[in-house]
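Engineer: The following block contains the structure, expressed as structure tokens.
2 protein chains.
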Amino acid sequence: MVTPHQYAQAHAQDFIEQFIELLRIPSISTLQEHAVDVERAAQWIAYDMKHIGLHTVEIHQADGYLPLVYGEWLGAGEDAPTVLVYCHFDVQPAAMADGWLTPPFQPTQREGKIYARGALDSKNHVVAHLKAVESLLATGGAPVNIKLLFEGEEESGSAHIFQFVKDNPDKLKADVIVVSDGSMPDENQPVLVYGLRGIVQLEVTVTGPMRDLHSGHYGGNVHNPIQALTEILAALHDQEGRVTVPGFYDDVRELTPEERDVLSAIQPWVEREWQLVTGAPMPWGEPDFRLHERIGVRPTLEINGIAGGFFGKGFKTVLPHKAWAKLSCRLVPDQHPATIAKQVKETILRLAPPTVRVDVTHMSNDDAPGVLLDYHSRGMQTCIQAYEKGWGKKPVLTREGGSVPVVAVFQQVLDADLVMMPFGYKGGGAHSPNEYMVIEMFHKGIATAIHFYQLLGASK
Amino acid sequence: MVTPHQYAQAHAQDFIEQFIELLRIPSISTLQEHAVDVERAAQWIAYDMKHIGLHTVEIHQADGYLPLVYGEWLGAGEDAPTVLVYCHFDVQPAAMADGWLTPPFQPTQREGKIYARGALDSKNHVVAHLKAVESLLATGGAPVNIKLLFEGEEESGSAHIFQFVKDNPDKLKADVIVVSDGSMPDENQPVLVYGLRGIVQLEVTVTGPMRDLHSGHYGGNVHNPIQALTEILAALHDQEGRVTVPGFYDDVRELTPEERDVLSAIQPWVEREWQLVTGAPMPWGEPDFRLHERIGVRPTLEINGIAGGFFGKGFKTVLPHKAWAKLSCRLVPDQHPATIAKQVKETILRLAPPTVRVDVTHMSNDDAPGVLLDYHSRGMQTCIQAYEKGWGKKPVLTREGGSVPVVAVFQQVLDADLVMMPFGYKGGGAHSPNEYMVIEMFHKGIATAIHFYQLLGASK
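These protein sequences, in sequence, are chains A and B. The numbering used here applies: residue 1 is where the first sequence begins, and numbers increase by one. The numbering used here applies: residue 461 is where the second sequence begins, and numbers increase by one.
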């Protein structure tokens, strides 16, 4: 009898060809004219799900939203663990003009890589999971029940999957949820993320005079709203980079000595990447925390944008009507988005001088809490072992600074162990021109997924 | 024998018609396609200068710059005082789409006003001075020598007149220089400006990472250049609105008790206008100075524009590559533009943290010092008497917050009493749609100019 791993090795070239097939479909979810391509990609996936032996395959799509593909194989029986896998198959826009060396939807192999939009983010995960399941089902079945949930709207805001998850807790019931998205900072060293920051977004508008004034005629007796805004914003951090909003850090879960130790392993990668990517003169941030801790463990208050007055080429001596800024806070457990938004808003309004009007809008639709996955859980421990087998190296654990909102939704709605399982190399440039997937990592990803199902099945 | 005033009254309707003729020429100096109209306006003026009896009439225009018209009548003799009058005949752009009720270059009379681009700024002054001189020369000559210097590039930056003044000190030699530009805050109460603020302009750029970063991935260990910029800018004023740049106020000439008293007369107008025009919640500025003093007597540091990151509709969680701001200082005597620019630049660089790069550019071409005209001078005292006769009211004296660079140049190059002699009402909206000149003020302006020449001639 052929083992799943032997099957995968024997079909390695087929798998690559199927990966390339899916990459050829320009399933760009942010452009209306490509909605039909997102649907084509969904049909490609649904066809493959049936082909590899899933029992139930459904395309969910109502009222013109982009499709979500669900497939399940429950052949392991009620006593076996159930795994729910999430990936997304839609992609960011891509055009030759952005600097692509080969057409983004004509996948090209060079030096062990496949260059194409979506190769890293995130069709690699879609195909790797499909092919891992195929390898199991084609060689006698899987030791776990498998549910695959693939989204077609991730790059355009995931407008419907959150509701779908909330509406279908029974359908999606699982012991372990695998989210395969994102990437790893090293081709040879697997890195597993067990923490993500959440986010709240606010907009601050400072209004001074009712129209733009001549700064000669009124400069000196009208409070310039840009100046008032800079005075407010500057007061939101202390000199060492700590956020001064009262209560901001109250709910931040302290780093345990154990966790601090676990996180130390990622430090060299974070420091190397910091140098490589930022090009900033020197690091900045809370002095009591190391570079990777400032990103993964600590919340922030960031000014994402600011504008006011005349800021184009040349000069205009205007004392402007208004100035505005866009702020976001990255949150960590156990900060609550609404609480933080309220604290920041109140602080800004308290700082507002009576010489201007200050408005703060909290864009609560975009709220997401920070997420911390328990790396002692069965799911995570199984995942660690699977990577050790798939990559030949024990994975390093880390907490990342970005947000993956779907993870927070899964955690809130479904009672399951959660793991994040990326297969690609960060250098492959998600959202960038010449995005690529390292072919060897694609195969290691399939092997790791197979190991994961096998190990989880054996652990029951 | 007819007196000059009788002549002016008899020709009042002719003068209005000539004013309207000049207003019909769209002499917009900021738009290349209207250069020919600026030249037409120059020719109209040169023709009128000859027609009214000036001996020398020249259009100065070299290498494609816009014309400057010079005319002189030196018939009063070497012992008589000489007056040099400066006005400009070019205008700002104007389009119906901006909200004009009648076409901006088809002058329209309604309710005692003439609506047209340039009616207030500044063809009213050009024609009023021409017609005052005509009234004198047509009725026996003027008791003073008269030199008229009319510029066609004022609205587009006055690129050539400064050099012209510096190159022609003998031609322009005068005992009194009259600058007729600007306007008055009341139709019935003449207000004379004897002080103007100067200006220096600087641009500050804060550069952080070498490209825009994801604020999730780097927020917390890269200093956000917007934040650094707000921290720098906020430190440039204290809580009460004083500029904190060391040495900034060192050269500010103190207000004498006498001058403070003289300036008190303008307070009601400044306060009324502040309420009417600004619509700001409440006044702001240095607590030891009254509203009009903060504008006329005190220097400022203003943020005219700021930008960085993503500031359009929506949200982008970017930690931006850079942020920048445009600053200007309004200066008063005896502050020196280069010194102030140096102090501000050094202060900003001293405030710059090592986590970002900060560059400060001083746009020294736009430097202008503050100007203070001696209201005890013969020129100014004569001007005060002329307004008293022309308007029937003693003028109120004031210092304004804006800059009129040509005044500073005259003061630096030519040894003469300087007076500013506006004829229009500020409410007429220079640079705005539906700009207008109050017809009665146009005639009062002509009368005032005639009185001025007569009084100055009698004072010799």
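Note that the Cβ used here is the ideal one computed from N, Cα and C, for glycine as well.
With a cut-off of 7 Å, does the C-beta of B/GLN735 fall near any C-beta of chain A?
Structural biologist: Residue mapping note: residue 735 of chain B aligns to position 275 of the second sequence, counting from 1. No, its Cβ sits nowhere closer than 7 Å to a Cβ of chain A.
Engineer: When the Cα atoms are used, what is the spatial distance from B/GLN569 to B/VAL545?
Structural biologist: Counting from 1 along the second sequence, the entry for residue 569 of chain B is found at position 109. Counting from 1 along the second sequence, the entry for residue 545 of chain B is found at position 85. Distance between the alpha carbons of B/GLN569 and B/VAL545 is about 28 Å.
Engineer: Where DSSP assigns a beta bridge to A/ASN145, which residues make up the other side?
Structural biologist: Counting from 1 along the first sequence, the entry for residue 145 of chain A is found at position 145. Residue pairing from DSSP places A/ASN145 in a beta bridge opposite A/THR82.
Engineer: If I measure Cβ to Cβ from A/ILE306 and keep anything under 6 Å in the same chain, skipping five residues before and after, which residues do I get?
Structural biologist: By 1-based counting over the first sequence, the position of residue 306 of chain A is 306. Counting only Cβ-Cβ distances below 6 Å, and skipping sequence neighbours, we find ALA325.
Engineer: Put B/ARG817 into one of helix, strand or coil per three-state DSSP.
Structural biologist: As a first step, residue 817 of chain B is located in the second sequence; it is residue number 357 there, counting from the start. Of the three classes helix, strand and coil, the one that applies to B/ARG817 here is strand, per DSSP.
Engineer: Give every residue of the same chain whose Cβ lies closer than 6 Å to the Cβ of A/ALA8, excluding the five residues on either side of it in the sequence, and list them in chain order.
Structural biologist: In the first sequence, the residue the question calls residue 8 of chain A occupies position 8. Closer than 6 Å at the Cβ level, and outside the excluded window around A/ALA8, lie SER135, ILE446.
Engineer: Could you name the residues of the region 673-685 of chain B whose beta carbon sits closer than 7 Å to any beta carbon of chain A, in the order they occur along the chain?
Structural biologist: Cβ contacts with chain A: LEU673, HIS674, SER675, GLY676, HIS677, TYR678, GLY679, GLY680, ASN681, VAL682, HIS683, ASN684.
Engineer: So which residues on chain B does A/SER403 lean against when the C-beta distance must stay under 8 Å?
Structural biologist: Residue 403 of chain A sits at position 403 when you count from the first residue of the first sequence. Within 8 Å Cβ-Cβ: GLY676.
Engineer: Are the CB atoms of A/ARG272 and A/GLY285 within a distance shorter than 7 Å?
Structural biologist: Within the first sequence, residue 285 of chain A is the residue found at index 285, counting from 1. Within the first sequence, residue 272 of chain A is the residue found at index 272, counting from 1. Going by C-beta atoms, A/GLY285 is not nearer than 7 Å to A/ARG272.
Engineer: Would you check if the distance between the CB atom of B/VAL705 and the CB atom of B/GLN841 is smaller than 7 Å?
Structural biologist: In the second sequence, counting from the first residue as 1, residue 705 of chain B sits at position 245. In the second sequence, counting from the first residue as 1, residue 841 of chain B sits at position 381. Here B/VAL705 is not near B/GLN841, since their CB atoms are 7 Å or more apart.
Engineer: Does the Cβ-Cβ distance between A/LEU101 and A/MET437 come in under 7 Å?
Structural biologist: Mapped onto the first sequence, residue 101 of chain A falls at position 101. Mapped onto the first sequence, residue 437 of chain A falls at position 437. No. Outside cutoff.
Engineer: Let me check one thing: in DSSP terms, what residues is B/MET897 bridge-paired to?
Structural biologist: Indexing the second sequence from 1 puts residue 897 of chain B at position 437. Beta-bridge pairing links B/MET897 to B/ILE574.
Engineer: With B/ILE637 as the anchor, note down where its alpha helix (DSSP H) starts and where it stops.
Structural biologist: Looking up residue 637 of chain B in the second sequence gives position 177. From DSSP, B/ILE637 is part of no alpha helix (DSSP H) but of the beta strand (DSSP E) over 636-639.
Engineer: To the nearest angstrom, report how far apart A/LEU327 and A/VAL69 are at their CA atoms.
Structural biologist: Within the first sequence, numbered from 1, the residue matching residue 327 of chain A stands at position 327. Within the first sequence, numbered from 1, the residue matching residue 69 of chain A stands at position 69. Answer to the nearest angstrom: the Cα atoms are 35 Å apart.
Engineer: Would you mind working out which of B/PHE902, B/LEU656, B/ASP523 sits nearest B/HIS620, comparing C-alpha positions?
Structural biologist: Counting from one through the second sequence, the residue named residue 620 of chain B turns up at place 160. That would be B/ASP523, whose Cα lies nearest to the Cα of B/HIS620.
Engineer: Among the residues of its own chain, which have a CB less than 7 Å from the CB of B/ASP558, if the five just before and after it don't count?
Structural biologist: On the second sequence, residue 558 of chain B is found 98 positions in, with the first residue counted as 1. The beta carbon of B/ASP558 is closer than 7 Å to those of PRO893 in its chain, skipping five residues each way along the sequence.
Engineer: Is the shortest distance between the beta-carbon of B/LEU662 and the beta-carbons of chain A less than 7 Å?
Structural biologist: Position 202 of the second sequence, counted from the first residue, corresponds to residue 662 of chain B. No, no contact with chain A.
Engineer: Using a 10 Å radius around the Cβ and a threshold of 16 neighbouring Cβ atoms, would you call B/GLY862 buried or exposed?
Structural biologist: The sequence position of residue 862 of chain B within the second sequence is 402, counting from 1. Under this definition B/GLY862 is a buried residue.
Engineer: Starting from A/PHE310, find everything on chain B with Cβ-Cβ shorter than 9 Å and list it in chain order.
Structural biologist: Here residue 310 of chain A refers to the residue found at position 310 of the first sequence. Going along chain B in sequence order, the residues near A/PHE310 (Cβ under 9 Å) are ASN764, GLY765, LYS786.
Engineer: Can you check whether the CB of A/VAL297 is closer than 7 Å to the CB of A/PHE310?
Structural biologist: As a position in the first sequence, residue 310 of chain A is number 310, starting the count at 1. As a position in the first sequence, residue 297 of chain A is number 297, starting the count at 1. Against a cut-off of 7 Å, the Cβ pair of A/VAL297 and A/PHE310 comes out as no contact.
Engineer: Tell me whether B/LYS786 sits in a helix, a strand or coil according to DSSP, three-state version.
Structural biologist: Stepping through the second sequence from its first residue, residue 786 of chain B is reached at position 326. Looking at B/LYS786 - three-state DSSP - the assignment turns out to be strand.
Engineer: Looking only at its own chain, which residues have a Cβ that is under 7 Å from the Cβ of A/TYR425, when we skip the five neighbours before and after it?
Structural biologist: Position 425 of the first sequence holds residue 425 of chain A. Excluding positions up to five away in sequence, the list reads SER183, MET184, GLU187, VAL438, MET441.
Engineer: Would you mind sorting B/HIS548 into buried or exposed? The rule is 16 or more other CB atoms within 10 Å of its CB.
Structural biologist: Position 88 of the second sequence holds residue 548 of chain B. Answer is buried; the Cβ neighbour count reaches 16.
Engineer: For B/LEU751, would you say it is in contact with chain A, using Cβ-to-Cβ distances shorter than 7 Å as the test?
Structural biologist: One-based indexing of the second sequence puts residue 751 of chain B at position 291. B/LEU751 counts as touching chain A.
Engineer: Between B/VAL791 and B/ILE800, what straight-line distance do the alpha-carbon atoms span, to the nearest angstrom?
Structural biologist: Within the second sequence, the letter at position 331 stands for residue 791 of chain B. Within the second sequence, the letter at position 340 stands for residue 800 of chain B. Val is not the amino acid found at residue 791 of chain B; the sequence shown has Leu there. Using only the alpha carbons, I get a separation of about 9 Å.
Engineer: How would you call A/VAL2, buried or exposed, if buried means at least 16 neighbouring beta carbons within 10 angstroms?
Structural biologist: Position 2 of the first sequence holds residue 2 of chain A. That one is exposed.
Engineer: Which chain A residues sit within Cβ distance under 8 Å of B/MET742?
Structural biologist: Here the question's residue 742 of chain B lines up with position 282 in the second sequence. In chain order: PRO354, THR355.
Engineer: Once the 5 residues before and after A/ASP48 are set aside, which same chain residues still bring their CB inside 6 Å of it?
Structural biologist: Against the first sequence, residue 48 of chain A aligns to sequence position 48. Excluding residues within five positions, the ones whose Cβ falls inside 6 Å are LEU130.
Engineer: Using 8 Å as the threshold, is the region 193-200 of chain A in touch with the region 392-408 of chain A, meaning 3 or more CB pairs across them?
Structural biologist: Touching, yes, given that three or more Cβ pairs across the two stretches are closer than 8 Å.
Engineer: Would you say B/ILE910 lies against chain A (beta-carbon separation less than 7 Å)?
Structural biologist: Within the second sequence, residue 910 of chain B is the residue found at index 450, counting from 1. Taking Cβ atoms only, chain A never reaches closer than 7 Å to B/ILE910, which makes this a no.
Engineer: In angstroms, rounded to a whole number, what distance separates the CA positions of B/GLU691 and A/ALA228?
Structural biologist: Position 231 of the second sequence, counting from 1, holds the residue named residue 691 of chain B. Position 228 of the first sequence, counting from 1, holds the residue named residue 228 of chain A. A direct Cα-Cα distance of roughly 12 Å separates B/GLU691 from A/ALA228.
Engineer: How is B/ALA828 classed by DSSP in three states: helix, strand or coil?
Structural biologist: Position 368 of the second sequence holds residue 828 of chain B. In this structure, B/ALA828 counts as strand in the three-state DSSP scheme.
Engineer: Is any beta-carbon of chain B found at less than 7 Å from that of A/GLN189?
Structural biologist: One-based indexing of the first sequence puts residue 189 of chain A at position 189. Not an interface residue.
Engineer: Quick one: list the residues of chain A neighbouring B/LYS925, beta-carbon separation under 9 Å, in chain order.
Structural biologist: No answer is possible for residue 925 of chain B: the residues shown for chain B start at 461 and end at 920.
Engineer: Would you list, in chain order, the members of the region 151-174 of chain A that have their beta-carbon closer than 8 Å to a beta-carbon of chain B?
Structural biologist: So nothing in the stretch comes that close.
Engineer: With A/TYR47 as the anchor, note down where its alpha helix (DSSP H) starts and where it stops.
Structural biologist: The residue given as residue 47 of chain A occupies position 47 in the first sequence. Run containing A/TYR47: 35-52, per the alpha helix (DSSP H) assignment.
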